[in-house]
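Colleague: Numbering of the sequence shown is given in numbering that gives the first Met the number 0, commencing with residue 0 and proceeding in unit increments. Beta carbons: idealized from backbone N, C-alpha and C, even for Gly. First the structure, then my questions, so here it is.
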Amino acid sequence: MPKSTTKKSPNATIAQQRRSKTPERIYKVKPKKQVIKPRPKIKRRHHKHKQLLSMSLPRVATIVIIVFVTTLASGVVFVRAYQAYNALRSANESASDALYSKEMVEKMRLIGDGTNYPNEIINYQSAPQDLQNFLVQDYKKLKTGCIINGQFAGTLQYTVVNVVYDSFARIEKNCNGADTLLLSKISGVWTVIYAGNDLPPCDAVNAFDIPRGLSSQCRDGLVTYTNPNP
C-alpha cells in the first residue's frame, strides 16, 4: 500500500524546529529546608527541672541522713558528757559536804552549846542577870572568832573585872591578844562605849561619866590624865 502523506502546517513546522533547536528545560524542585522548631523554653526548662530533681533527690536524701546521724551522735555524746559531769559534781559535792560537815562538827564542839559558859566566864556570878545575858552572847562571839584550822588560835579567857553602880562594867578578854570592853547601861541595854587595849579617851570618859572605879585614867592624844569622875 502506498504510504499516506499528511501535509504539515507551517506553524507546526516552526514549532518543531524550535523544539529541536531549544533544549528542553527541566525544572527541578528544590526541597525545602526542614526547619526544626526549637522546643519551647518552658518545656525545656520543665524537662531540665525534672532531670535535676530526679538527680538531686538521692543527694538530698544523703545529706538529710548525714545531718540526722551527726545530730544524733552529737546528742548522744552530749548526754553522756552531761551525765559524767553530774556524776563528777555529785562526787565533789559529797566530798565537800563530808569535809564541811567534819569541820563544822569540830567547830561546833569547840564553841559548845552555851550550857557551860557560866563556868568558863570568870566572875560570871558577880554580874547582874541582865549583864549575864550580854556576857554569854559576847563570849560565844569570842570563841567563834578565835577558831582557826579546827582549834583555838591562842589562850581563850573571858573575865568580868568589875561592875560599878550596876550601870558600868569592865570586861577583859583574850584570844591570842588582850582586849578591854567598857560597858554602860543605856536605856536599860548594856552597850559597849569603849573597846581596845589602851586607856579610854578622855572625851568618852566625860561623855559617858565613866566612874574612876572602871578606869582611873584616860588619855587625850599622847597625854595621860586622871579620871575626874568619882
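Could you have a look at residue 130 and say whether DSSP puts it in helix, strand or coil?
Modeller: Along the sequence shown, read from residue 1 onward, the residue named residue 130 stands at position 131. Note: residue 130 maps to helix in three-state DSSP.
Colleague: Taking Cβ positions, are residue 167 and residue 209 nearer each other than 8 Å?
Modeller: Residue mapping note: residue 167 aligns to position 168 of the sequence shown, counting from 1. Residue mapping note: residue 209 aligns to position 210 of the sequence shown, counting from 1. Cβ distance < 8 Å, so residue 167 and residue 209 count as in contact.
Colleague: Helix, strand or coil for residue 209 per DSSP?
Modeller: What you label residue 209 is simply residue 210 of the sequence shown in a count that begins at 1. Coil.
Colleague: Counting pairs of beta carbons, one from the segment 156-172 and one from the segment 102-112, are three or more of them closer than 8 Å?
Modeller: No, because fewer than three Cβ pairs between the segment 156-172 and the segment 102-112 fall closer than 8 Å, the two stretches do not touch.
Colleague: Counting pairs of beta carbons, one from the segment 194-208 and one from the segment 136-152, are three or more of them closer than 8 Å?
Modeller: Segments in contact, no.
Colleague: What's the call for residue 181, buried or exposed, on a 16-neighbour Cβ count within 10 Å?
Modeller: Translated into positions along the sequence shown, residue 181 becomes position 182. Buried, because 16 or more other Cβ atoms sit within 10 Å of the Cβ of residue 181.
Colleague: Taking residue 157 as part of the beta strand (DSSP E), name the residues at either end of that continuous run.
Modeller: In the sequence shown, the residue the question calls residue 157 occupies position 158. From DSSP, the beta strand (DSSP E) with residue 157 extends over 155-163.
Colleague: Quick one: what does DSSP say residue 183 is sitting in, helix, strand or coil?
Modeller: Residue numbering aside, residue 183 sits at position 184 when the sequence shown is read from its first letter. The answer is strand: DSSP assigns residue 183 an E or B state.
Colleague: I need the boundaries of the alpha helix (DSSP H) containing residue 116, first residue and last residue.
Modeller: The sequence position of residue 116 within the sequence shown is 117, counting from 1. Run containing residue 116: 116-119, per the alpha helix (DSSP H) assignment.
Colleague: Anyone know if the C-beta pair for residue 172 and residue 178 falls short of 8 Å?
Modeller: Translated into positions along the sequence shown, residue 172 becomes position 173. Translated into positions along the sequence shown, residue 178 becomes position 179. Contact flag set, yes.
Colleague: Express the C-alpha separation of residue 131 and residue 146 in angstroms, rounding to a whole number.
Modeller: Position 147 of the sequence shown, counted from the start, is the residue given in the question as residue 146. Position 132 of the sequence shown, counted from the start, is the residue given in the question as residue 131. The alpha-carbon atoms of residue 146 and residue 131 are separated by roughly 23 Å.
Colleague: Taking only three categories from DSSP, how would you classify residue 113?
Modeller: Taking the first residue of the sequence shown as 1, we reach residue 113 at position 114. Residue state, collapsed to three classes: coil.
Colleague: Note down the Cα distance separating residue 217 from residue 116, rounded to an integer number of angstroms.
Modeller: Within the sequence shown, the letter at position 218 stands for residue 217. Within the sequence shown, the letter at position 117 stands for residue 116. So the alpha carbons of these two residues sit roughly 32 Å apart.
Colleague: On a Cα-Cα basis, can you pick out the residue from 223, 62, 160 and 140 that is closest to residue 202?
Modeller: In the sequence shown, counting from the first residue as 1, residue 202 sits at position 203. Nearest C-alpha to residue 202: 223.
Colleague: Excluding the 5 residues flanking residue 189 on each side, which residues of the same chain have their C-beta closer than 6 Å to its C-beta?
Modeller: Here residue 189 refers to the residue found at position 190 when the sequence shown is read from its first residue. 130, 133 and 182.
Colleague: Does residue 170 come out as helix, strand or coil in the three-state DSSP assignment?
Modeller: Looking up residue 170 in the sequence shown gives position 171. Of the three classes helix, strand and coil, the one that applies to residue 170 here is strand, per DSSP.
Colleague: Classify residue 152 as helix, strand or coil using the three-state DSSP reduction.
Modeller: Taking the first residue of the sequence shown as 1, we reach residue 152 at position 153. Of the three classes helix, strand and coil, the one that applies to residue 152 here is coil, per DSSP.
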